[in-house]
Each structure stands twice: as C-alpha cells, then as structure tokens.
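Working notes, beginning with the structure itself.
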Ligand code: HEM
Ligand SMILES: [Cu+2]
Ligand SMILES: [Cu+2]
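Protein chains in written order, with our numbering: chain D, 1 to 481; chain A, 482 to 742; chain S, 743 to 926.
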C-alpha cells in the first residue's frame, strides 16, 4: 500500500536527485571543456570537481535505485516511511559534507580516494576527515536502510522464498510465488549490504591510520582490494536495482502480462550475486602483486556476470516486446533505450575485462567510456523511467505521456556522442583523469571539446525531463491527503 | 526452537575463529631484512673464473652449465657468519623437499685457503659426500667477487674479514638471477630456486613498517602470494552480511509469533 | 593490427549490431507491422542463445588468457633490468636499484628486440607506469604500488624514443608526470 507520505518522500528524493544530477552533469561538461583547453581551471580545482562529480553520481543513482525499490516494495510488504525519511535526511547531510570537503576544502583524491592519497594532504587539512566522515555517514545510513528493507522482505518471504529457490524445480509449480521484483531487489540489496559493510571496514582501516599518527599502517594492496570491492559493487548493484524496477513496471505500462519468475530467471539472479562479488578483481589486473589466481577469477567472473543478469534480462525484454503490439510511452521507451545502452556499455566492459586488452586500456579513457555508457545511457534511464511512472502515480493518472521524438533524439545523439569521444580517446591511449593532455596526446583535446558539446545536448534532454517531472512532483506536496 | 540455539552457537564459533586467527597473525608479524644491494648485478653474467676442484682445475661454467647453481662465498677461518650460513643453508635444503635439480658451490674468498682446508670445512658440516655440494677454491678471487659485488674487508687487528653473508643464484647460462644477503627464511631460498630455474616471479614486497592486515603473504614455494589475514578482512563483509540476514530471519519469525499471539 | 584498433572496431561493430537488433525488435512491436509473430517457445530459444553466448565467451577466454602480462616473456633471461621508482610527481629510472630517500635518475638505453625487465615501485602513493612509443601509442603498463615491486617484461620491436606517463591518479600533478628512455 502506498501512502501519501511515501509519495511525498519519493517526490523529495526525485527533486533532489535531479537537481544534483544537473549540477553534476555541469561539472562533467566543465571537465570535458577543460580537457579540451576551451577553459582553463587550476588542476586542483579540476580534480576537486572530478571527485565531487564521481561521488555525487554514484551516490544519487544508488539512492534512486534504493528509493524506487522502497516505493515498489510497498506493493508486496509493509514498508517503513520513517526509515525512508531518515535515509533521505542523512543522505542530504552526507552529500553536504562531501561537497564542502571537495568544493570548499579542495579535497581531490578522486572518488575512489585510493589509499594513501587521502593522507597526502594537498588541500585544506579538514578536507580529508570531512570527506571520509561524509562517506562513512552515507555508508552507515544506506546500510541501515538496506537492512531495513531486507528485514521487511524477510517478514513476508522466507529466505529461500526471497531467493526464489522454490522456482528452481522445472516441473512443480510452487505454492507461493516470488515475483521477479522481490527476487532481484533481495539479491541486489544483499549485494549492497555486503559492499557497504566493506565500505565501513575500509573506513575503519583508514581512520585507524589517520588517528593513530602512524602507529597503524595499512597494506596498500589490501586497501586497494577493499576500495574496488566497494566501488565496483555499489556501481553495479545500483544498476541491478534499476533492473528490479524494470521487471516490475515495464510489462505493466506496455499492456503485457507481468513477468513470471521461471527457473532460469531464478537461477540467473542467484548466480549474479555470486559473480558480482568476484568480478571486481578486474580493477587490479595491472597490479602484478595480486595473486595470479585472483586475476584469472576476475576475468572469468567478469565474463560470467554477463550471463545471468544481462542475457537473462535482455531476452526477457526482447520476448516481451518482439512481435507484440506495445503501447509505447516515455516509461517503457526509456526502459527499452536503457537496456540497449546498458548492453552496449557491457560490451565495452567485457573488452576491458580481458586481461590482454586491459594492458593497453587500463586507466585510459576507455574506462569512463564504458561506465558512462551503462550509467548515463543505461541506469539513469531506468531511474528516469521510474520517475515518470511514479510521477503519474502522484497525480493518479494512467495516461503516460508519449516519448517526444525530439527528446529521444537529444538523448541518443547527446548521450552516445558524448561516450563515443571517450571510446575513441581510450583506443588512442589517452589517459583518464588528466586535467589537460600532454602535447604528445593532444588528440585528446579535440575529442574532449566534442565530448563536452555532445554532453551539453544530453544536458538539454535532462533539463527537458526535469521540467516535465517537476510539475508532477511538486503537486504531491500540495495535495491535502 | 533448536535452530536458534544452533545459530547462536555458530555465531559464537565464527567470532572465536576470527579472534584466534587475528591474534595468531599479530604474533607472527615479522620484520623483513631486505637489503637493496640484493638487486645489484641482476641478470648479469658471472665472471667465468677458473676454480680448483678435487678433479683438477676447471671453468666455473662447467658447474653452472650442468645444473643451476647457488654460489656461496666463505672462508674457513671465519668466526663469524660463515658457519651459521652454511649450516643454515644445508638445514633448509634438507627440510625442503626439493625436486629441482641444483647445486651448491661453496667458494673460498680467502687466498690463504687451500683445497684441503675446504675439504675439512665440508666434513665439519658432514657435506663431504653430498653430491649436491661442491667445495672449491680459486686463484681469481678478485674478478669473481667483483662480478657479484661482494666486498670483504680485511681487519688486521682481529685477523678476520668483515663481510656479508651472500648467496648468488646462477641459472644454466651463468646469469645472476637472484641474490640473498644475510641469513634469511626458507621462503627466500625457494624463490631463489625458482629463479635459477628460469621461472618468472612477477612481483615481490619491499621492506616496510609492520602491517597488521596485509593481504597476502608472499610465498615463493608456489611463486604466488598466499592468503593471510588480509583475506579474512576481505571475506568479512560477506560473513557479516550472512550473520545479519540470519538475525533478520530470526527477528522476522519472532515478530510473526507475537502477532499470532 | 594493434590491439587498440582491433577492440575499437570490435566495439563499434557489436554496438551497431545491438542497436540494429534493438531497432528491429522495436519495429516489430509497432501497430503498423502486422505480419510479425511473437516469439514461440521462448525457453528453448533462450537455452540455445545462452549456450552460444557461453561458448563464445569460453573461446575468447582461452585464447586471450595466455597473452596476459604475467605469462609473457617468462622463459627468457632479460638482457637488461631497469629500476623504476615513482614519486609525486616524477619518475626515477636507473640501471641500479633505487633506495628511498636516495634519489637517482639515469639516462636509460635499452636494446631493441631483446627482453627488458622493469622493476617498478612507488615511494609514496599509487602511480602508474605506462610506456608509450613514438606514435604515442600505449605499449604496455604496470602499476607502481608503494611497498611492492612489480616486474614488467617487454621486448621492444622498434627503436626510438619511448615516453612514460603516469596512469594511476596520484594528485594534482598527475597529468605532469612523465619520463622517457631510448630503445636502440
Ligand atoms: C552526460 C553526463 C556526464 C558527463 C558530461 C560526465 C563527465 C565526466 C568526465 C569528464 C569525467 C572525467 C573523465 C576522466 O577521467 O578524464 C567523469 C568521471 C566520472 N563520471 Fe561522469 N559524466 C556524466 C555522467 C555520469 C553519470 C551518469 C555517472 C553515473 C554513475 C558518472 C560517473 C562518473 C564517475 C564515477 C567518474 C569517475 C570520477 C573519478 O575518476 O574519480 N558520470 N565524468
Ligand atoms: Cu603518478
Ligand atoms: Cu599519476
């Protein structure tokens, strides 16, 4: 049951997320134009902006996934609005702390804050603790939130039902069905809990060193493993949460029967939980100190991760759409486009997850190329689709607006144009995270300017969407009951 | 229900295991004696001097070309590190069950040592009949020790050389593939055995401050790093999540029960 | 063909195929197209598709894995060792081991078509050690991690002046870190 207060909280989330998104995109465009030498920022300003862009983007899209799941979960189990409001309030506090540390304190260790860089203070002294405490706050708050949601699921479904084990039998139809939404949310929330616990441990290790004045020293290799375990997992689980909403909403708005949990959907998602936890090893391919067996597991898990989540979902979507009369609208349109973008980005990821390619692609622009593809043209679109869908709930309408052709064109041209410049840059050995490119690599300059220009087109589309959505979101607050 | 008691027991045992493992690690955290000179002359060919053996004079290359060789530099009058070096090395070699073919060539860097002195020296360690060990002298001490960067200093007051304990690993082409300075653990020796057999070890740790949680302990037996307590830290999140979920299940059941009442 | 060009073409062609399939699927759902039928027997089709995909991945995996840097040039004795230590924001290259607190920078020349081993470490934060050829193409790389030495082996096929850039973000001077050596 969805209450008005749940709608209001969700609306607040959407407004906040979109505002932060627009600012973060502007930061992104600023970076691209600086790399193209169209503007001229100090390196430390550039890297502060880069840091805040990264954390903000990862943060808001994880929140978008969690709050969407929270909203839809109320269809199946009793959820707590208080918990939702709590998460919202402290997320805002955490974001403000991080913004202060980076934009005022000029903390610029990158969003991955790879040890020991945060401790080589080249910014305001308070920048490091404020950034780390801000992240710790976010990790703890989201951890509580995720645990709360898992608890709510477990009140109605047993552990094996939540994991849809009863669907594994191909012959028997189970007594109690687990909707795909519950299965995927559950698996993804478990993944999120694991990675947030990792974040907490990571923070504890960093604080131990920071506050012990050199009495406690960390192992850079261990910290690097933990860092990427956290970073890789949160980025991917955010996307999985977006997929959970896809499974729930897309058939509904297309006038098709709901997705059913079949044995392969069940098995696929159960396995994805497993692969997601070992695929992060691909971030350490160029660290030869890492045991070689881990490197091999990394490549294997990265490959296999594509089977359960990607292939199962893609085929589900294709079977949903193919040859059926679909009522196309902005909601399922964004989902469909998002799946396409996600798969294209996934191909880029698979190429980079191959060790023999990684040796020439690692930390080049190929990396932002692929993750921007499946974020800006994948996960973001899933969340926007949810926003449009829930926007109609706010105003009690089942009449979804059409996907405006011009808007579609702006999104596709802007979004793919933006990432293509990254791909070309990566294949031309242009490094990532350079505020400006050295003269030997000045091909990067023109690509950056073009990328910035395309991103501006993408920003136009987002502004359009923002204005559209605001009308509905603001209405919730004025409704009396 | 019993299952709850079982759960409780399990949590307890997990925690106890964790703590035991942690405390174990702390007590074994060790100092490293790495010396930067070990890196000198890597992949250079050793000076092919003539050595004097029981079978007469021969070139050094006739030794290392037949099998990879560990070269040890000692002198028999030494009161210092030479004896412990040899006894330690022979002990380690006996303890390690080594299938690889290799030899230990002990060369004196003291011009006063004769072949008979070396023979007596070998007997002292009961190594005179061990086919793996060869004790020799050479007339070309200077080119030999220079080519491996070994610089003993004669101290006339105590009538002893001031010198390091040095092991030089040679592959069958006479390349110096690894050096060990000082008496070190058998791990280092195993790394040397790998490298003189031309196996590639992709990385190694440098000396550093004690780290409580290090990810992997480097083990050259396998040429790989072994998992140490750091891995436990990496597994902890999954373990903790597991415990959280179990607790939630328990909580959910309790709440349902109270609802029924 | 160099790896980068190959993967770029591979990527663009797969992306185009995916886009075309997406468009085709989308078109089939339009009210105007009447002759399409929805998928029959989806479970079996799915099984076939999964099998093909798994097979492709397995083949790529077994072909590419042996080309990983941990396995190449391993059975050779390198002709030269180059020691590398990275710091914020410069590289030290030397023919002899470099100790912390004793800066050492030497002009490095390495032979062409012979195996060279770089022993790479860092004395402060994580850095990257990436070698670029005269055409500014990334040839090979490894990470420079404090406390550890990574051994990178390579055989340079062309003589020339090679550049080194830092490929792990290390602070505000990251983009300025560079060095070079000569292959003769
Ligand atoms: C069209 C909108 C966007 C623009 C223009 C943009 C631009 C950029 C640029 C220029 C960089 C630095 C690239 C470099 O390493 O040289 C960057 C990094 C990054 N972006 Fe975006 N981005 C956009 C959307 C997104 C989205 C939707 C996400 C979602 C997760 C995202 C997450 C990140 C992350 C995590 C980094 C890495 C930051 C770091 O290296 O510390 N970006 N972005
Ligand atoms: Cu650097
Ligand atoms: Cu750098």
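From the three backbone atoms N, C-alpha and C, an ideal C-beta is built for every residue, glycine too.
Quick caveat: nothing in here was measured; it's all calculated off a predicted structure.
- Close to chain S, meaning a Cβ-Cβ distance shorter than 7 angstroms, are the following residues of the region 311 to 342 of chain D: 311, 315, 318, 319, 321, 322, 323, 324, 325, 326, 336 and 340.
- Two segments are said to touch when three or more pairs of C-beta atoms, one from each, lie closer than 8 angstroms; by this definition the region 232 to 244 of chain D touches the region 371 to 386 of chain D.
- Of the residues assessed, residue 377 of chain D falls on the buried side of the cut-off, its CB having 16 or more other CB atoms within 10 angstroms.
- Here residue 301 of chain D has 275, 278 and 279 as same chain residues with Cβ atoms under 6 angstroms from its own Cβ, once five neighbours each way along the sequence are excluded.
- Taken from the Cβ of residue 421 of chain D, every heavy atom of ligand 3 lies 7 angstroms or farther away.
- For residue 894 of chain S, the three-state secondary structure derived from DSSP is strand.
- In summary, residue 861 of chain S is buried, with 16 or more beta-carbon neighbours lying within 10 Å of its beta-carbon over all protein chains present.
- About 15 angstroms separates the beta carbon of residue 106 of chain D from that of residue 134 of chain D, a gap too long to meet the 8 angstroms contact definition.
- For the 8 angstroms CB-CB criterion, residue 132 of chain D and residue 100 of chain D do not form a contact.
- About 14 angstroms separates the beta carbons of residue 139 of chain D and residue 238 of chain D, which is beyond the 8 angstroms limit, so they are not a contact pair.
- In the structure shown, residue 834 of chain S adopts extended strand secondary structure according to DSSP, grouped into three states.
- Going by DSSP, residue 872 of chain S is part of no alpha helix (DSSP H) but of the beta strand (DSSP E) stretching over 869 to 874.
- If you draw a straight line from the Cα of residue 88 of chain D to the Cα of residue 473 of chain D, it comes to about 16 angstroms.
- In the structure shown, residue 626 of chain A adopts helical secondary structure according to DSSP, grouped into three states.
- Looking from the CA of residue 825 of chain S, the closest CA among S:883, S:837 and S:817 belongs to S:837.
- With its beta carbon at least 8 angstroms from every one in chain S, residue 729 of chain A lies outside the interface.
- Of all residues in the region 567 to 600 of chain A, none has a C-beta nearer than 8 angstroms to a C-beta of chain S.
- Note that the region 407 to 424 of chain D does not touch the region 894 to 904 of chain S; fewer than 3 beta-carbon pairs, one per stretch, sit closer than 8 angstroms.
- Between the region 543 to 558 of chain A and the region 645 to 660 of chain A, the count of C-beta pairs closer than 8 angstroms reaches three or more; the two stretches touch.
- As DSSP reads the structure, residue 920 of chain S sits in a beta bridge with S:907.
- Setting aside the 5 residues that flank it on each side, residue 609 of chain A is surrounded in the same chain by 600 and 603, each with a C-beta closer than 7 angstroms to its C-beta; the list follows chain order.
- Linking residue 360 of chain D to residue 451 of chain D through their CA atoms gives a straight-line distance of about 22 angstroms.
- Under the DSSP assignment, residue 685 of chain A falls in the beta strand (DSSP E) whose first and last residues are 684 to 686.
- The Cβ neighbour count for residue 433 of chain D, taken over all protein chains shown within 10 Å, is at least 16; the residue is labelled buried.
- Judged by beta-carbon spacing, residue 890 of chain S lies within the 8 angstroms limit of residue 863 of chain S, meaning their Cβ atoms are closer than that value.
- Going by beta carbons, residue 186 of chain D and residue 162 of chain D fall inside the 8 angstroms limit.
- When distances are taken from the beta-carbon of residue 910 of chain S to the heavy atoms of ligand 3, the shortest one is below 7 angstroms.
- Residue nearest to residue 562 of chain A within the set A:671, A:582 and A:646 is A:646 (criterion: CA-CA distance).
- Residue 429 of chain D carries a coil assignment under DSSP once its states are collapsed to helix, strand and coil.
- Residue 859 of chain S carries a strand assignment under DSSP once its states are collapsed to helix, strand and coil.
- The C-alpha of residue 168 of chain D lies about 7 angstroms from the C-alpha of residue 262 of chain D.
- In the displayed model, residue 150 of chain D falls within a helix according to three-state DSSP.
- Rounded to the nearest whole angstrom, the C-alpha separation of residue 881 of chain S and residue 286 of chain D is 13 angstroms.
- Taking C-beta atoms as the reference points, residue 648 of chain A and residue 661 of chain A count as a pair closer than 8 angstroms.
- In terms of beta-carbon proximity, residue 155 of chain D lines the interface with chain A, with at least one pair separated by less than 8 angstroms.
- For residue 567 of chain A, the enclosing alpha helix (DSSP H) has its first and last residue at 563 to 576.
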